[in-house]
Each structure stands twice: as structure tokens, then as C-alpha cells.
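Q: My questions all concern the structure below.
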Amino acid sequence: MMAIDIKSAESCQYDLVSLGEVMLRLDPGEGRVRTTRSFRCWEGGGEYNVARGFRRCFGKRTAIVTAFADNEVGRLVEDLILQGGVDTQFIKWRDYDGFGGAVRNGLNFTERGFGVRAAKGVSDRGHTAVSQLKVGDIDWDYIFGECGVRWFHTGGIFAALSETTAELAIEACKKAKEYGTIVSYDLNYRPSLWKSQGGQDQCQKVNREIAKYVDVMIGNEEDFTACLGFKVEGVDEENITGLTIPNFKKMIEQVLTEFPNFKATATTLRDVHTASINDWGAITWHDGEFHQATQRDRLEIMDRVGGGDSFASGLIYGFMTYNDAAKAVEYGAAHGALAMTTPGDTTMVTLPEVEKLVGGGSARVDR
């Protein structure tokens with residue numbers, strides 16, 4: 062099996078650095094946003110969740126590249142990041158004008174859902190500090206060159222925030238490749254974000270440029286269709302209700318003809334029965350072979366938000382630790398499944414718990 066050539070831990074200060082937005086999540090618990098009188102606070106963001114999971118569950122050295130308005134909300138999110146063990150030295154702080162007219166911090170009101178009531182999110186992220194980041198704001202030569210980074214992760218949510226963040230994501234991926242850092246990217250298609258940035262045409266333009274520099278591409282059938290423009294014959298792209306393994310394999314065969322630089326691709330497999338009961342699995346392609354994780358049917362869900370990000374961090378851990386695609390997808394699927402049994406966007410799982418599930422362990426009580 063052809064290995065992914067990852068730099069040694071000894072040669073780098075960081076195992077993984079992520080680029081993305083971190084929002085304050087306001088969670089009404091078992092209730093509704095529209096009727097609650099109290100919220101629990103979490104921090105979360107698609108790209109950040111991967112770095113935090115990689116640190117808290119897998120014990121790796123991580124950092125986040127992001128930006129905040131310098132006010133009490135921004136400092137609260139910073140405090141939550143510090144509790145997660147993620148290095149904050151690359152955070153950019155912007156002066157706050159007192160009312161948020163020029164620069165703000167993102168808020169995300171998210172209900173977990175239950176049974177027939179789906180999870181529901183309402184984001185408030187206009188004019189955020191991170192959406193104003195642009196090329197030249199980040200010293201990538203210092204991060205990738207002087208500090209050294211084994212793996213860099215970003216995604217389509219960050220790229221969709223603004224024209225300048227799309228340009229910055231491209232710059233970051235190019236620089237990472239210059240220094241021999243492995244690049245992973247989660248397509249994470251969000252039509253509501255791309256709508257104000259030029260729609261699907263701009264989405265494909267940006268993501269196809271970024272894809273040239275990606276080693277490990279993460280995304281489902283809809284992501285590859287909407288973000289990269291690939292189609293599977295016989296599949297209606299307007300009504301994709303669930304990923305099928307044969308269609309994913311056909312999709313990847315097409316993708317690799319145009320992007321032979323991909324060393325691996327991966328996706329989660331989720332069939333939603335209710336907000337609380339999902340069938341859950343994953344599949345990855347590497348070095349000409351597909352590897353499917355253990356399928357967990359009728360998995361009980363407490364909070365599905367961040368499950369895909371926890372899959373990504375587990376997948377990266379598997380590649381970095383074992384350089385084995387079959388193990389990587391098992392670690393990703395197990396970590397994602399466990400992360401969805403706790404509240405909040407980020408993992409509360411331990412590595413022994415992941416290894417127990419990978420090894421076929423049950424949910425019997427540990428004493």
C-alpha cells in the first residue's frame with residue numbers, strides 16, 4: 062500500500078493546524094431556541110472542530126488560525142478554545158467599535174432536535190472578524206516554515222465566508238504544499254453561504270482551484286457535485302437523499318481523472334431515520350482501493366452537530382499514526398459515532414473509548 066508521506070513529529074511544532082471560523086454556539090439543551098430562557102455556551106466551527114478533536118481525544122499538538130473582534134464575546138470564545146487545548150498564537154484580534162457595525166463575532170443558535178423534530182441551526186455571522194481575513198494577513202512562511210506543521214486542514218465553510226477568505230484558503234493550501242505539509246479539505250457545501258458569494262458557479266470556481274493542492278478530500282456525493290461539478294449518471298443532483306456506496310465509487314473514479322493529486326478521499330454514510338436514530342458508517346479511497354468502516358445501524362444520537370468533523374479528526378489520526386486507510390476510516394467512524402452521544406459541537410471522547418469501539422467493544426458499563 063502506498064503511504065501518505067507525512068513529516069515526522071520531531072521536525073514540526075504542530076501535528077495539525079486548522080484555518081476556519083470559530084463561533085459561539087448557544088444551545089437551548091432539550092428545548093427550543095424560540096422558547097428557551099437559558100442557553101449553554103460551546104465553541105464550534107467546521108474546521109476548528111477537527112483541530113480540537115485532534116488535541117482533546119487524540120492528544121496531538123494543534124493550533125487554529127482565525128480572527129475575533131476584541132470584546133467580551135471574543136474573549137469568551139478564546140477561553141473555550143484554551144480549555145480545549147488548542148494553541149491560540151495565530152488568532153488575529155480586531156478592534157471592536159462598541160456596537161458591531163464594522164466587525165463582530167459569530168453566533169450560532171442550534172437545537173439538537175429529537176425524534177421527528179430535526180436539529181435546527183440559526184447562525185448570526187455577518188461582518189465577522191474572520192470573514193474579513195485576507196491574503197497577506199497570515200504569515201504562512203512562519204507557520205509552515207519556521208514552526209513546522211505536519212498536516213493542514215481547512216474547508217468549504219471558511220472559503221464561503223467572503224471573497225477574501227476564499228483567496229486566503231487558496232493561499233494557505235499553496236503554502237502548505239510548498240513546505241511539504243499534507244493538506245486536507247472538507248467540502249462542506251452550504252448553499253446559504255455561497256448564495257451571497259456568487260452562488261454555485263463561484264463555489265465551483267473556488268473549490269476547483271483549492272482542490273489542486275489537496276491531498277485528502279472529504280465530502281459526500283452532494284459536495285462533490287455542488288462544489289466540484291462532478292455528476293453520476295442516473296442520479297438527480299437536485300434530489301440527493303442519501304449517499305450510496307456504488308455512486309460514491311463512481312464519483313471518485315471521475316474525480317481522480319481530473320485531480321490525480323488526491324492521495325485519499327473519504328465520506329461519512331448517514332441514513333436519517335429520526336433526529337435521534339441514524340444509520341452511520343463511512344468509506345474512504347486510498348491507493349486504488351476502497352475501505353468501508355463498520356456500519357452502525359440505528360445509532361442513537363444526542364447531538365449530531367460536529368459528527369462529521371469528529372470523523373475527520375479520527376480519519377487524520379488513523380493516517381498519521383498507522384498510515385493505513387482501513388484503520389483510518391474505522392477510527393474516523395468510531396470517533397464520529399461517539400462524539401454524537403454528547404452535547405456540543407466538539408468531542409468529549411477519549412482515545413481508549415475510540416479504540417474500544419474500533420475493536421468491537423460494547424456499551425456495557427465500565428467499572
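In our numbering, the protein residues as written are 62 to 428. Glycine included, every Cβ here is placed at the ideal spot set by N, Cα and C.
Give every residue of the same chain whose Cβ lies closer than 6 Å to the Cβ of Phe175, excluding the five residues on either side of it in the sequence, and list them in chain order.
A: Excluding residues within five positions, the ones whose Cβ falls inside 6 Å are Ala336 and Ser337.
Q: Determine the closest residue to Ile142 out of Asp131, Arg113, Gly161 and Gly162, with distance taken between C-alpha atoms.
A: Of the candidates Asp131, Arg113, Gly161 and Gly162, the one whose C-alpha sits nearest the C-alpha of Ile142 is Arg113.
Q: I'd like the ranges of any beta strand (DSSP E) spanning at least 3 consecutive residues and lying wholly in the region 116 to 198.
A: The qualifying runs are 123 to 126, 128 to 130, 153 to 155, 168 to 172 and 181 to 185.
Q: Pick out whichever of Gly405, Glu414, Lys417 and Val415 has its Cα sitting closest to the Cα of Gly145.
A: The shortest Cα separation from Gly145 among Gly405, Glu414, Lys417 and Val415 belongs to Gly405.
Q: Between Val126 and Thr97, what straight-line distance do the alpha-carbon atoms span, to the nearest angstrom?
A: The straight-line gap from Cα to Cα measures roughly 33 Å.
Q: Buried or exposed: which applies to Met312, given that a residue is buried once 16 or more other Cβ atoms fall within 10 Å of its Cβ?
A: By the neighbour-count rule (16 or more Cβ atoms within 10 Å), Met312 is buried.
Q: Is the CB-CB distance between Val78 and Ala130 below 8 Å?
A: No, these two residues do not count as a Cβ contact at 8 Å.
Q: Exposed or buried, what is Tyr203 when buried is set at 16 or more other beta-carbons lying within 10 Å of its beta-carbon?
A: Exposed: under 16 other Cβ atoms inside 10 Å.
Q: Considering only C-alpha positions, which residue in the set Val415, Arg101, Ala272 and Glu82 is nearest to Thr326?
A: Here the closest residue by C-alpha is Ala272.
Q: Answer yes or no: do Glu104 and Leu85 have a C-beta to C-beta separation smaller than 8 Å?
A: Yes, the pair counts as a contact, with Cβ atoms nearer than the cut-off.
Q: Which residues in the same chain as Gln261 place their Cβ atom closer than 8 Å to its Cβ, once the five residues preceding and following it in sequence are excluded?
A: If we look at Gln261 and ignore the five residues flanking it on each side, its Cβ neighbours are Pro252, Trp255 and Ala287.
Q: Could you check the C-alpha separation between Asp198 and Asp364 for me, to the nearest Å?
A: One C-alpha to the other measures close to 35 Å.
Q: Distance check for Gly182 and Gly162, CA to CA, integer angstroms please.
A: If I take the Cα positions, the gap works out to 23 Å.
Q: At a cut-off of 7 Å, would you count Ile271 as near the ligand NAD, judging by its Cβ distance to the nearest heavy atom?
A: As for the ligand NAD, it is missing from this structure, which has no ligand bound.
Q: Taking just the CA atoms, how far does Gln353 sit from Ile65?
A: Distance between the alpha carbons of Ile65 and Gln353 is about 19 Å.
Q: Less than 8 Å between the beta carbons of Gly397 and Gly375, yes or no?
A: Yes.
Q: Is the beta carbon of Leu248 less than 8 Å from the beta carbon of Gly280?
A: In this structure, Gly280 lies closer than 8 Å to Leu248 by Cβ.
Q: Buried or exposed for Ser99, please, with buried defined as at least 16 other CB atoms from any protein chain shown within 10 angstroms of its CB.
A: Burial call: exposed.
Q: Drop a sphere of 10 angstroms on the beta-carbon of Arg173, count the other beta-carbons inside from all chains shown, and report buried for 16 or more, exposed for fewer.
A: Buried.
Q: Return yes when the Cβ of Leu399 is within less than 8 Å of the Cβ of Phe51, no when it is not.
A: No information on residue 51 is available, as it lies outside the stretch 62 to 428 that the chain covers here.
Q: Could you tell me if Gly81 is buried or exposed, where buried requires 16 or more neighbouring beta carbons within 10 angstroms of its beta carbon?
A: Buried, because 16 or more other Cβ atoms sit within 10 Å of the Cβ of Gly81.
Q: According to the Cβ coordinates, are Val210 and Tyr75 closer than 8 Å?
A: In contact: Val210 and Tyr75 (Cβ atoms closer than 8 Å).
Q: What three-state label does DSSP hand Val426 in the structure shown?
A: With a pLDDT of 46 at Val426, under the threshold of 50, the modelled position of that residue is not reliable, and the figure given next carries that caveat. Val426 falls in the coil class under three-state DSSP.
Q: What does a CB cutoff of less than 6 Å around Met62 pick up in its chain, not counting 5 residues either side in sequence?
A: At Met62 the pLDDT is 49, less than 50, meaning the model places this residue with poor confidence; the figure from the coordinates comes in the next sentence. Cβ neighbours of Met62 beyond the five flanking positions: Asp348.
Q: Check for me: the alpha helix (DSSP H) holding Val244 runs from which residue to which?
A: Element bounds for Val244: not the alpha helix (DSSP H) but the beta strand (DSSP E), Ile243 to Asp247.
Q: In this structure, does DSSP put Tyr203 in helix, strand or coil?
A: DSSP places Tyr203 in helix when its eight states are reduced to three.
Q: For the beta strand (DSSP E) holding Ala343, just list the boundary residues, first then last.
A: Ile338 to His347 is the span of the beta strand (DSSP E), which, as asked, contains Ala343.
Q: Measuring CA to CA, which of Ala180, Gln193, Asp148 and Thr149 is closest to Asn166?
A: The candidate whose alpha carbon is nearest that of Asn166 is Gln193.
Q: Closest to Val410 by C-alpha separation, out of Ile377, Gly368 and Asp385, would be which residue?
A: Among Ile377, Gly368 and Asp385, the Cα nearest to that of Val410 is on Gly368.
Q: Just to confirm, are Asp370 and Phe323 a CB contact at a threshold of 8 Å?
A: Not closer than 8 Å, so no.
Q: Based on the DSSP output, what are the partners of Ile279 in its beta bridges?
A: The partner list for Ile279 (beta bridge, DSSP) reads Asp247 and Ala327.
Q: Quickly, what does DSSP pair Glu431 with across the bridge? List them, please.
A: Missing from the structure shown is residue 431; the chain here goes from 62 to 428 and no further.
Q: Can you round the beta-carbon distance between Lys236 and Phe205 to whole angstroms, since I take them to be within the 8 Å contact cut?
A: Rounded, the Cβ-Cβ distance is 6 Å, consistent with contact.
Q: Go ahead and label Val42 buried or exposed: buried means 16 or more other beta carbons lie within 10 angstroms of its beta carbon, across all protein chains shown.
A: No answer is possible for residue 42: it lies beyond the span of the chain, which begins at 62 and ends at 428.
Q: How should Ala386 be labelled, buried or exposed, when 16 other C-beta atoms within 10 angstroms of its C-beta is the threshold for buried?
A: Buried: at least 16 other Cβ atoms inside 10 Å.
Q: Tyr246 and Gly216 - do their beta-carbons sit closer together than 8 Å?
A: Going by C-beta atoms, Gly216 is nearer than 8 Å to Tyr246.
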